[in-house]
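Anchor point for the sequence shown: position 134 equals 134 in the numbering used here, and the numbering is continuous, going up by one each time.
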Amino acid sequence: MDKFIKESDFNWLMLPVPDVNNERPWLELIHVGNGSAYATDGNRIHVAPCKLDDGSYHPYELRECLDFERKPPAPVEDRAFDVSKLRLLMINQARKAFNPASEVTASDFYVQNGFYGQLAPKDRSSKFQRIYVLEALFGLSTKGETILHVHTKDDGENFMYANDGERSFVVMGMKLDKENDCE
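Encoded structure:
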């Protein structure tokens, strides 16, 4: 049987899926639209290719289908989520970041506050949860050579986007307060 998603893609998608029974139940699902699967915790989104019908799926049911090579389940009806809005938001944010001035690599960042701390570029224009970026980069085929696109809006909101041709991710940064940002 042809798998509906690669094992490595599924494992990477599961990274931002929060624990069951959180206050936003739609975040617990993997959402599929136009051949791509999306998973988010509200601060980051991972996107990978997937051969499922459009809709939302319980990840643990998908895991079971992958493990036992079963036919995938039907999409969840009662917690439908509009994947197109999520995708449009991601694309609009990423489009702002696609300019040569926004291109950085992991070596352009320094670490603040240890492993679970933050990554900040040398120009201090943005700040990101280090673990989110590391998890996302680990899943991309380009790994250390990945070109990251970073965008910071005038109000201090910032995000990072990267794509390896198959998978992509967006990580929302920490809102910057330029006047009070201290180490």
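Glycine included, C-beta positions come from ideal geometry on N, C-alpha and C. A quick note: this is a predicted structure, and the numbers were derived from the prediction, not measured.
- Phenylalanine 138 and alanine 74 have their alpha carbons spaced roughly 30 angstroms apart.
- In this structure threonine 152 is buried. Its beta-carbon is surrounded by 16 or more other beta-carbon atoms within 10 angstroms.
- Excluding the 5 residues flanking it on each side, leucine 176 has same chain C-beta neighbours closer than 6 angstroms at Gly156, in chain order.
- Per DSSP, the beta-bridge partners of arginine 44 are Val171.
- Setting aside the 5 residues that flank it on each side, tryptophan 12 is surrounded in the same chain by His46, Ala48, Gly139 and Arg167, each with a C-beta closer than 7 angstroms to its C-beta; the list follows chain order.
- Beta-bridge analysis with DSSP links alanine 39 to His46.
- Residue range 55 to 57 is occupied by the beta strand (DSSP E) that includes serine 56.
- Excluding the 5 residues flanking it on each side, lysine 51 has same chain C-beta neighbours closer than 6 angstroms at Phe4, in chain order.
- Annotation for leucine 148: the continuous beta strand (DSSP E) segment containing it runs 148 to 152.
- Looking from the CA of glutamate 145, the closest CA among Arg124, Ser107 and Val111 belongs to Ser107.
- Around the beta-carbon of aspartate 9, 16 or more other beta-carbon atoms lie within 10 Å, marking it buried.
- Of the residues Asp54, Leu15 and Tyr60, the one whose Cα lies closest to the Cα of threonine 40 is Leu15.
- For methionine 172, same chain residues with a beta-carbon under 6 angstroms away, outside a window of 5 residues either side, are Asn43 and Phe159 in chain order.
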